[in-house]
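See below for the structure under consideration.
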Amino acid sequence: MTQLEQALRQGANHDVSEQAKAAAASFADHVAGHGLLDVAYTVLDAPVGPVLVAATRRGLVRIAFGPHAYKDEVLQDLSDRISPRVVEAGTYFEGVRRELDEYFEGRRTRFDLPLDWSLIGGFGRRVLKRTAEIPYGRVSTYRDVAAAAGSPRGARAAGNALGSNPIPIVVPCHRVLHSGGGLGGYGGGLDVKRFLLHLEGAL
Amino acid sequence: MSVGIPPFQSFLDEHQENVYRFLVSLVGFQEAEDCFQETMLAALRAYPRLRPDSNLRGWVLTIAHRKALDHQRTRGRRAVPVAEVADSKVESDAGGAGEVWTQVRDLPSKQRTAIVLRFAGDLPHDDIGHILGCSEDAARRNVHEGLKKLREVWTQ
Numbered sequence: 065m066t067q068l069e070q071a072l073r074q075g076a077n078h079d080v081s082e083q084a085k086a087a088a089a090s091f092a093d094h095v096a097g098h099g100l101l102d103v104a105y106t107v108l109d110a111p112v113g114p115v116l117v118a119a120t121r122r123g124l125v126r127i128a129f130g131p132h133a134y135k136d137e138v139l140q141d142l143s144d145r146i147s148p149r150v151v152e153a154g155t156y157f158e159g160v161r162r163e164l165d166e167y168f169e170g171r172r173t174r175f176d177l178p179l180d181w182s183l184i185g186g187f188g189r190r191v192l193k194r195t196a197e198i199p200y201g202r203v204s205t206y207r208d209v210a211a212a213a214g215s216p217r218g219a220r221a222a223g224n225a226l227g228s229n230p231i232p233i234v235v236p237c238h239r240v241l242h243s244g245g246g247l248g249g250y251g252g253g254l255d256v257k258r259f260l261l262h263l264e265g266a267l
Numbered sequence: 095m096s097v098g099i100p101p102f103q104s105f106l107d108e109h110q111e112n113v114y115r116f117l118v119s120l121v122g123f124q125e126a127e128d129c130f131q132e133t134m135l136a137a138l139r140a141y142p143r144l145r146p147d148s149n150l151r152g153w154v155l156t157i158a159h160r161k162a163l164d165h166q167r168t169r170g171r172r173a174v175p176v177a178e179v180a181d182s183k184v185e186s187d188a189g190g191a192g193e194v195w196t197q198v199r200d201l202p203s204k205q206r207t208a209i210v211l212r213f214a215g216d217l218p219h220d221d222i223g224h225i226l227g228c229s230e231d232a233a234r235r236n237v238h239e240g241l242k243k244l245r246e247v248w249t250q
């Protein structure tokens, strides 16, 4: 490289990391009103650890936490299945943050958040919609939600649907237990299921 | 379902600094922020049409370049590359290096763009050709001619 080329490179080598970071952080605000933010997300703090929440224009579409919820994988999945226009936008989630805080403080027994069910269809969606009707502090069984969703012998399929619940906590799959009285499974870890049932006074 | 292009936020995280630095070279510190937001907005608009094997860096710098030109056109004045903006805290030893960029702005526009893309954007010649709408060889010639002119006027 000649001295001139070196000088050109050196002269263009501004340290812009702070400005670039600040500009990128306010990008979501610049996007507002252009109808381009297909999936907004942020990560909230909660007693169950960091909780990733994502929403479309229709409503809350995904909640992820626990040992198997890797942020990169969750975001890639949203990108592949909904739209790659996925942008971090913390300011969009004040309502979600408030309702979750109140829930974890024991001051909220139902969520008033619009939901987007597009990540699950068919029988799974019917199961989850039935599950959403189980009141705070009460429990049901895989068999009963399967029957309510129209498939009395679909307990196992209902278990699978609940295991892939895209919106846990708000769609309370933790309230569904084994018919024999066992806790059953939980995508976010059984400790969290126990914790939520304790919180609601159901255990 | 197959894995497609990365979520836009990953793309933004990865390229924000490059794009910003590149824009500073083209329009100066003061207007880089506006151009950056316009660039990323345009990128977000077109993003779902990209293929997983797309050259994201070349693509976004192409947009940035176009936005910088738009910006200058609406401002009705010419490019003001980098070191023009003396209030920026360029590395202390960049005095001579900064000088040369003030001379870049006097180059003919194709040469100027080629130099900016090559030395501020760090792009290979075929990408530069793509952005300028010419062949790789023509891009190389523009860089070369630009350097030749600069060498005549540049004193270290």
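So the protein lines, in turn, are chains G and S.
Residue 65 is where the first sequence starts when you use this note's numbering, and the numbers rise one by one after that.
Residue 95 is where the second sequence starts when you use this note's numbering, and the numbers rise one by one after that.
Where is the CB? At the ideal position from N, CA and C, for every residue including glycine.
Opening and closing residue of the alpha helix (DSSP H) in which residue i lies
i: S:E132; result: F123 to A140
i: G:I231; result: Note, G:I231: premise wrong, no alpha helix (DSSP H); not H, not E.
i: S:W153; result: L150 to R169
i: G:D312; result: This structure leaves residue 312 of chain G out entirely; chain G is present only between 65 and 267.
i: G:Y167; result: E158 to F168
i: G:Y206; result: Y206 to A212
i: G:S81; result: S81 to A89
Environment of residue i [buried if 16+ CB atoms lie within 10 Å]
i: S:P101; result: buried
i: G:D109; result: exposed
i: G:L254; result: exposed
i: S:A140; result: exposed
i: G:P232; result: buried
i: G:E158; result: exposed
i: S:H238; result: exposed
i: G:Q83; result: buried
i: S:G189; result: In this prediction, S:G189 scores a pLDDT of 42, lower than 50, which makes its location untrustworthy; the coordinate-derived value is nonetheless stated afterwards. So S:G189 counts as exposed.
i: S:T168; result: exposed
i: G:A213; result: buried
i: G:E264; result: buried
i: G:S143; result: buried
i: G:R126; result: buried
i: S:T156; result: buried
i: G:T66; result: exposed
Contacts around residue i, its chain only, beta-carbon distance under 7 Å, and the 5 residues preceding and following it disregarded
i: G:V235; result: L192, T195, A196 and N229
i: G:A133; result: L116
i: S:V97; result: none
i: S:D187; result: Interpretation of S:D187 is limited by its pLDDT of 36, a score under 50 that renders its predicted location unreliable; no figure is taken from the coordinates.
i: G:V95; result: L101 and V151
i: G:H270; result: This structure cannot settle anything about residue 270 of chain G, because the visible part of chain G is limited to 65 through 267.
i: G:Y156; result: A104 and A119
Limits of the beta strand (DSSP E) - the one that residue i falls within
i: G:V150; result: V150 to E152
i: G:T106; result: V103 to L108
i: G:I127; result: L124 to A128
i: S:L201; result: Element bounds for S:L201: n/a, residue is neither H nor E.
i: G:A118; result: V115 to A119
Residue i: contacting residues in chain G (beta-carbon distance under 8 Å)
i: S:D195; result: Note that residue 195 of chain S corresponds to Trp in the displayed sequence, not to Asp. Result: L72, G75 and A76.
Contact under 7 Å by Cβ, residue i with residue j
i: G:V240; j: G:L226; result: yes
i: S:C129; j: S:L117; result: yes
i: G:H78; j: S:R115; result: yes
i: G:R190; j: G:W181; result: no
i: G:Y206; j: G:A221; result: no
i: S:S119; j: S:A214; result: yes
i: G:D93; j: G:R149; result: no
i: S:L201; j: S:K243; result: yes
i: S:E125; j: G:A87; result: no
i: G:V256; j: G:V112; result: yes
i: S:V154; j: S:H109; result: yes
i: S:H165; j: S:V113; result: no
Residues that residue i contacts on chain G, provided the C-beta gap is smaller than 7 Å
i: S:V247; result: Neighbours of S:V247 on chain G: none; closest Cβ ~11 Å, over 7 Å.
i: S:S119; result: A76
i: S:R214; result: Checking the sequence, you will find Ala at residue 214 of chain S rather than Arg. Here the neighbours are A76.
i: S:V154; result: Simply none; closest approach about 13 Å.
i: S:P146; result: Neighbours of S:P146 on chain G: none; closest Cβ ~10 Å, over 7 Å.
i: S:Q124; result: Residues of chain G passing the Cβ test: none, with the nearest at roughly 11 Å.
i: S:L135; result: H94, V95 and H98
i: S:L150; result: What S:L150 touches in chain G: nothing, since even the nearest Cβ is about 12 Å away.
Other residues of its chain near residue i: CB distance less than 8 Å, five sequence neighbours each side excluded
i: G:V160; result: L108, V117, A119, L124 and L177
i: G:I184; result: L192, A225, S228, N229 and P230
i: S:W75; result: The displayed coordinates of chain S run from 95 to 250. Any statement about residue 75 of chain S would go beyond what the structure contains.
i: G:A266; result: G201, R202, V203 and R239
Contacts of residue i in chain S (Cβ-Cβ under 8 Å)
i: G:A219; result: Those within 8 Å of G:A219 in chain S number zero; the least Cβ separation is about 27 Å.
i: G:E166; result: Going along chain S, no residue has its Cβ under 8 Å from G:E166, so there is no contact; the nearest lies around 28 Å.
Contacting residues, own chain, Cβ-Cβ under 6 Å from residue i (five flanking each side not counted)
i: S:K161; result: C129, E132 and T133
i: G:V80; result: none
i: S:Q74; result: Look at the range of chain S in this structure, 95 to 250, and you will see that residue 74 of chain S is not part of it.
i: G:D165; result: none
i: S:I99; result: L144 and P146
Beta-carbon neighbours of residue i, restricted to chain G and to distances below 9 Å
i: S:A241; result: Residue identity check: residue 241 of chain S is Leu in the sequence provided, not Ala. Simply T66, L68, E69 and L72.
i: S:I157; result: Going along chain G, no residue has its Cβ under 9 Å from S:I157, so there is no contact; the nearest lies around 14 Å.
i: S:L226; result: Ordered by position in chain G, no residue passes the 9 Å Cβ test against S:L226, which lies about 18 Å from the chain.
i: S:I209; result: L72
Under 9 Å from the C-beta of residue i: neighbouring residues of chain S
i: G:L139; result: P100, P101, Q103 and S104
Within chain S, the residues that residue i reaches when beta carbons sit closer than 7 Å
i: G:R121; result: Result: empty, since nearest Cβ-Cβ is about 15 Å, beyond 7 Å.
Chain-ordered chain C contacts of residue i [CB-CB under 7 Å]
i: S:L244; result: Of the protein chains in this structure, namely G and S, none is chain C.
Cβ-heavy atom distance, residue i to the ligand FMN, below 6 Å
i: S:H224; result: Ligands are entirely absent from the displayed structure, and the ligand FMN is therefore not among its contents.
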